[in-house]
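Asks: Protein chains in written order, with this note's numbering: chain A, 1 to 142; chain B, 143 to 284. Right, I'll just put the structure down here and ask away after.
Protein chains: 2
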Amino acid sequence: MLFFGYRDFISEPDRILADRGLGRAHHRVIYFVGRYPGATVSSLLSILQITKQSLSRVLSQLVEEGYIVQRQGASDRRQRLLTLTEKGRALEEQLTETQRQRLARAYRQAGAEAVEGFRKVMLGIMSDDEDRSRFGATKRRP
Amino acid sequence: MLFFGYRDFISEPDRILADRGLGRAHHRVIYFVGRYPGATVSSLLSILQITKQSLSRVLSQLVEEGYIVQRQGASDRRQRLLTLTEKGRALEEQLTETQRQRLARAYRQAGAEAVEGFRKVMLGIMSDDEDRSRFGATKRRP
DNA sequence: AATTTATGTCAGCCATGTTGACTTATATGC
DNA sequence: GCATATAAGTCAACATGGCTGACATAAATT
Numbered sequence: 001m002l003f004f005g006y007r008d009f010i011s012e013p014d015r016i017l018a019d020r021g022l023g024r025a026h027h028r029v030i031y032f033v034g035r036y037p038g039a040t041v042s043s044l045l046s047i048l049q050i051t052k053q054s055l056s057r058v059l060s061q062l063v064e065e066g067y068i069v070q071r072q073g074a075s076d077r078r079q080r081l082l083t084l085t086e087k088g089r090a091l092e093e094q095l096t097e098t099q100r101q102r103l104a105r106a107y108r109q110a111g112a113e114a115v116e117g118f119r120k121v122m123l124g125i126m127s128d129d130e131d132r133s134r135f136g137a138t139k140r141r142p
Numbered sequence: 143m144l145f146f147g148y149r150d151f152i153s154e155p156d157r158i159l160a161d162r163g164l165g166r167a168h169h170r171v172i173y174f175v176g177r178y179p180g181a182t183v184s185s186l187l188s189i190l191q192i193t194k195q196s197l198s199r200v201l202s203q204l205v206e207e208g209y210i211v212q213r214q215g216a217s218d219r220r221q222r223l224l225t226l227t228e229k230g231r232a233l234e235e236q237l238t239e240t241q242r243q244r245l246a247r248a249y250r251q252a253g254a255e256a257v258e259g260f261r262k263v264m265l266g267i268m269s270d271d272e273d274r275s276r277f278g279a280t281k282r283r284p
């Protein structure tokens with residue numbers, strides 16, 4: 001179910017991205033920068049769990065093409081705080097909208113109770129409390 | 143949640159496969175051949191939605207290395223019916239076991255009701271009735 | 001002043017997806 | 001029975017997005 005669900009969930013965004021010469025790796029970066037404005041490069045690395053070389057490839061493209069801006073950190077000037085531009089925000093919304101609709105449909109059909117169950121099970125599948133905590137979950141019993 | 147859940151769900155199998163020089167594409171083939179013994183190549187293509195060139199690469203390796211056997215179809219001799227060997231079955235079980243435990247833990251923590259909700263929402267996320275029907279789901283209301 | 005940390009970069013490798021063109025064997029339809 | 005369609009396989013080339021290793025720079029920390 002996860003295989004089919006995940007595949008179908010990203011299929012629409014994939015098509016939209018392909019039209020712009022972007023891939024799903026770009027989507028992830030846009031998504032998380034949108035969700036955490038001012039995120040640092042290393043925070044993205046720890047969320048995505050990829051190498052900085054992999055991130056660099058997609059991030060530099062997003063900066064070059066004007067989806068994301070980097071500004072120097074105030075307290076730590078080594079950091080590059082990442083934020084979506086207007087263009088980036090627009091794309092993020094376009095991508096999210098297709099997924100939002102898909103989720104809304106699933107939610108409508110399944111009901112609020114099912115949604116709560118879905119959240120619980122997904123949290124249980126995750127390996128780390130670190131991942132779970134992004135969703136406001138309490139620590140898992142061992 | 144799907145991103146984190148899916149990533150964590152396949153991380154253990156990925157490690158086990160890597161030790162044998164296999165990847166997650168091999169896992170998919172092994173999984174579906176295990177689930178549908180005697181599956182044809184084209185049935186796999188339609189499940190996985192990849193090109194036969196992509197499938198061929200992993201499938202031939204699995205056959206060469208003795209995880210899967212092909213036999214000619216009885217009614218249609220053009221078909222190659224795919225089945226796991228003992229070795230293939232053993233690997234399939236090893237891979238599935240780690241995921242089964244992860245699911246069991248999630249289920250234990252979330253409860254049977256949550257599991258039903260999880261299933262409902264996952265089915266609602268899927269695009270096609272074709273995908274949904276693999277899980278014994280009834281047709282979705284439009 | 002020395003070390004650590006945050007970020008970036010070059011170069012190359014691997015897995016897994018793609019398209020396009022073509023072959024072989026077998027089944028099926030007229 | 002012949003023409004066509006289908007199941008499967010193959011060669012070649014390319015794209016995406018992971019990876020490792022090595023090294024550089026600037027700024028923070030000790």
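For each residue, glycine too, the CB sits at the ideal point set by N, CA and C.
Give the single residue among 90/A, 15/A, 85/A and 22/A whose Cα lies nearest to the Cα of residue 57/A.
Replies: When each option's Cα is compared against that of residue 57/A, the closest is 22/A.
Asks: Where residue 109/A and residue 262/B are concerned, what is the direct C-alpha to C-alpha distance, given to the nearest angstrom?
Replies: 8 Å
Asks: By Cβ distance, which residues of its chain are closer than 6 Å to residue 181/B, with the 5 residues on each side in sequence left out?
Replies: 175 and 224
Asks: Hey, how far is the Cα of residue 104/A from the Cα of residue 96/A?
Replies: 12 Å
Asks: Roughly how many angstroms lie between the CA atoms of residue 25/A and residue 222/B, to the nearest whole one?
Replies: 36 Å
Asks: Taking Cβ positions only, does residue 178/B come closer than 8 Å to chain A?
Replies: Using a Cβ-Cβ cut-off of 8 Å, residue 178/B does not count as an interface residue toward chain A, since no Cβ of chain A sits closer than that to its own.
Asks: Flag residue 101/A as yes if its beta-carbon sits less than 8 Å from any beta-carbon of chain B, otherwise no.
Replies: By this cut-off, residue 101/A is not an interface position.
Asks: Beta carbon of residue 158/B, beta carbon of residue 226/B: below 8 Å?
Replies: Residue 158/B places its beta carbon 8 Å or farther from that of residue 226/B.
Asks: For residue 284/B, which three-state DSSP category applies?
Replies: Caution is warranted here: a pLDDT of 47 is assigned to residue 284/B, below 50, making its placement in the model unreliable, and the coordinate value is therefore given only provisionally. Of the three classes helix, strand and coil, the one that applies to residue 284/B here is coil, per DSSP.
Asks: Do residue 8/A and residue 267/B have their CB atoms nearer than 8 Å?
Replies: Contact: yes.
Asks: Look at residue 240/B and residue 155/B and say whether their C-beta atoms are less than 8 Å apart.
Replies: Against a cut-off of 8 Å, the Cβ pair of residue 155/B and residue 240/B comes out as a contact.
Asks: What distance in whole Å lies between the Cβ atoms of residue 117/A and residue 255/B, which are believed to be in contact at a cut-off of 8 Å?
Replies: 6 Å
Asks: Consult DSSP for residue 164/B and reduce its assignment to one of helix, strand or coil.
Replies: coil
Asks: Assuming residue 53/A and residue 63/A make a contact with CB atoms under 8 Å, what is their CB distance in whole Å?
Replies: About 16 Å; that fails the 8 Å criterion.
Asks: Residue 42/A to residue 115/A, Cα distance in whole Å?
Replies: 32 Å
Asks: For chain B, check one thing: does any of its Cβ atoms lie closer than 8 Å to the Cβ of residue 97/A?
Replies: no
Asks: Output, in sequence order along the chain, the residues in the segment 112-132 of chain A whose CB is closer than 8 Å to any CB in chain B.
Replies: 113, 114, 115, 116, 117, 118, 119, 120, 121, 122, 123, 124, 125, 126, 127, 128 and 131
Asks: Among the residues of its own chain, which have a CB less than 8 Å from the CB of residue 201/B, if the five just before and after it don't count?
Replies: If we look at residue 201/B and ignore the five residues flanking it on each side, its Cβ neighbours are 171, 183, 186, 210 and 224.
Asks: Using a Cβ cut-off of 7 Å, pull out every chain A residue sitting near residue 148/B, in sequence order please.
Replies: 2 and 6
Asks: Between the alpha carbons of residue 93/A and residue 269/B, how many angstroms are there, rounded?
Replies: 21 Å
Asks: Using the beta-carbon count (16 or more within 10 Å), is residue 78/A buried or exposed?
Replies: Residue 78/A comes out exposed.
Asks: Just the chain B side, please: which residues come within less than 7 Å of residue 110/A by C-beta, in chain order?
Replies: 259, 262, 263 and 266
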